[in-house]
Amino acid sequence: MSVPAGYAEEKEDKAASSADSADVTVKLDGTFEAIRQFEVTADNEHLTNLVIERIVPSGTSVTEGQTLVWFETKPLDDKIRSAESDLAIARLDLESDEFAHEQFLKQQTLDKAKARRTRDQAQQAYDNYQRVDRERAIKQAKFSLESSQFSLESATEEYRQLEQMYKEDDLTEESEEIVLRRAKRAMESAQFSLDRAKIQHDRTIKQSIPRDDANQEETLARALIDYEKAVHAMGIDKQKRELELRRKRVKLEQQAEKFDEMRAERKKVVLKSALDGIFVYGTVTRAKLPAKPVELKKGSGVSGKQVIGTVLAPTKLQVRVELPEPQLKSVHVGDRCKVVPKGIADAELNGVVKSIGIVPLTAGKYDCIVSLRGKASADVLPAMTCELQFTTAKPKAADDAEKDGAEKDGAEKKDEASK
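Going by my numbering, the sequence shown opens with residue 60, and the numbers climb by one from there.
What follows is the structure, encoded as structure tokens:
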């Protein structure tokens, strides 16, 4: 089988052209990031108003253990002395409350005993009434009635006997009248006493006894209620006082703990570096320095939790990239790329995609980390920018595929004709 020379050359040219257009280079901007970083902060909870007395300039190369920030000590010492005085006063107050609580418990013991005696007296009075006094009152009314009845009968009998006797003796009529008048008066008095005794007897049986029954029942019931109220109130008062005392103890413990923490924070009047690197002011976020330069100097005030600066270790770096969403189909975990520092001439590193965020970092951009292969140049420092170059295969369009198919069919037909 022979192939025309011109056709073979044309086919080779087309293949070469197709191969040249198959790969596409994707370029992305990135930032060198120090894998090891140390944020310089006092991390204070209580001594929060800090004033810088001295600070190392931003961009200084520092070593592990080197002092970076010095704070003024007088404001801190004043606050600690004030806290110490407050703690001493709180301890005295608690001691006084503890003593008052002991006296309160003793007083409650006496009050409970008194309330118990009052209840027992009411119970005893009720029992005495039911067992003795009630029956005796009824008997007393009956006895008074019977005594009055007997007195009336005696006075009447005496009057009749005198009257009979005076009819038979020789006394003068004047003496008779005197004696009889006296006897009649005694009889009338006895009758009046009897009438009064009957009224008193009826009132005792029908009114006084039922009323006394009700009063005794009510008195006992009220005494029992007062006792329960007193005991309940004393129990509630005791619980409240104990809870309040417990709250003060806890508060004193917290105050003492706070004072101890303040004394520990007092030791942070100087802040040191935890690693070798470059000290920069402010917080480094995702390999980027603060958008606005951080100005710190003698007299600058900072808070206890504020990140004053960051130490970046330049010995081991990686690249942070904000990957645009359209490039998710071109860049994948494990892809290799070239890393070209923008500020260094003739410098090129090899990288591999370590991770890509699942959700967007910001609108339309995903967090991407690229690991570096090999040792970077000493001139490459954290926060420097770079360009990442990814070479990817470009998929053929549908029209190109149809064209290739048609050319393939034509070549087959020419091959058959040559045969």
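Note that beta-carbon positions come from the ideal geometry of N, C-alpha and C, so glycine has one too.
Span separating the alpha-carbon of ASP426 from that of PRO352: 24 Å
Along the chain, where does the beta strand (DSSP E) that runs through LYS397 open and close? 395-400
| query | TRP129 to ILE114, Cα distance in whole Å? | reply | 6 Å
For this session: Helix, strand or coil for LEU302, going by three-state DSSP, please let me know.
Result: helix
Looking only at its own chain, which residues have a Cβ that is under 6 Å from the Cβ of ARG395, when we skip the five neighbours before and after it?
VAL411
- Message: Please tell me whether, using a cut-off of 7 Å, the distance from the CB of GLU236 to the nearest non-hydrogen atom of the ligand GDP is below it.
- Response: The ligand GDP is not among the ligands present in this structure, which contains no ligands whatsoever.
Please list, in chain order, all residues of the same chain as ALA457 whose beta carbon is under 7 Å from its beta carbon, the five residues on each side excluded. With a pLDDT of 46 at ALA457, under the threshold of 50, the modelled position of this residue cannot be trusted, and the question is left open.
Taking its Cβ as the centre, do 16 or more other Cβ atoms sit within 10 Å of GLY368, making it buried, or is it exposed? buried
If you check the beta carbons only, do LYS364 and THR100 fall under 8 Å apart?
yes
**Asked** What residues match up with TYR425 in a beta bridge as DSSP calls it?
**Response** LEU382
Could you check what DSSP says for VAL115 in three-state terms: helix, strand or coil? coil
Q) Taking the C-alpha atoms as reference points, what is the distance between ILE148 and ALA174? A) 38 Å
Query raised in the report: In angstroms, rounded to a whole number, what distance separates the CA positions of ALA200 and HIS260?
Result: 5 Å
Nearest-angstrom Cα separation, counted from PRO134 out to PRO329
The sequence given here places Val at residue 329; Pro does not occur at that position. Rounded to whole angstroms, VAL329 to PRO134 spans 15 Å at the Cα level.
Inset, instruction - Write down the C-beta distance between GLN313 and VAL85 rounded to the nearest angstrom, noting that I regard them as a contact closer than 8 Å. - result: 58 Å between Cβ atoms; not a contact.
Q | Distance, ARG178 Cα to ALA172 Cα | A | 10 Å
**Asked** Taking ASN108 as the reference, which of ASN409, GLY360, ALA242, GLN266 has the closest Cα?
**Response** GLY360
Quiz item: When you compare each of ALA159, THR90, GLN180, ASP335 to THR122 by their alpha carbons, which one comes out closest?
Solution: ASP335
**OP:** Determine, using beta-carbon pairs with one atom in the region 367-381 and one in the region 415-431, whether at least three such pairs fall under 8 Å.
**Re:** yes
Roughly how many angstroms separate the alpha carbons of LYS73 and GLN448, rounded to a whole number?
For LYS73, the predicted structure reports a pLDDT of 43, less than 50, and the residue's modelled location is therefore unreliable. The matter cannot be settled from this model.
- [ ] Evaluate the contact criterion for the region 189-209 versus the region 260-274: three or more CB pairs, one atom per stretch, below 8 Å.
- [x] yes
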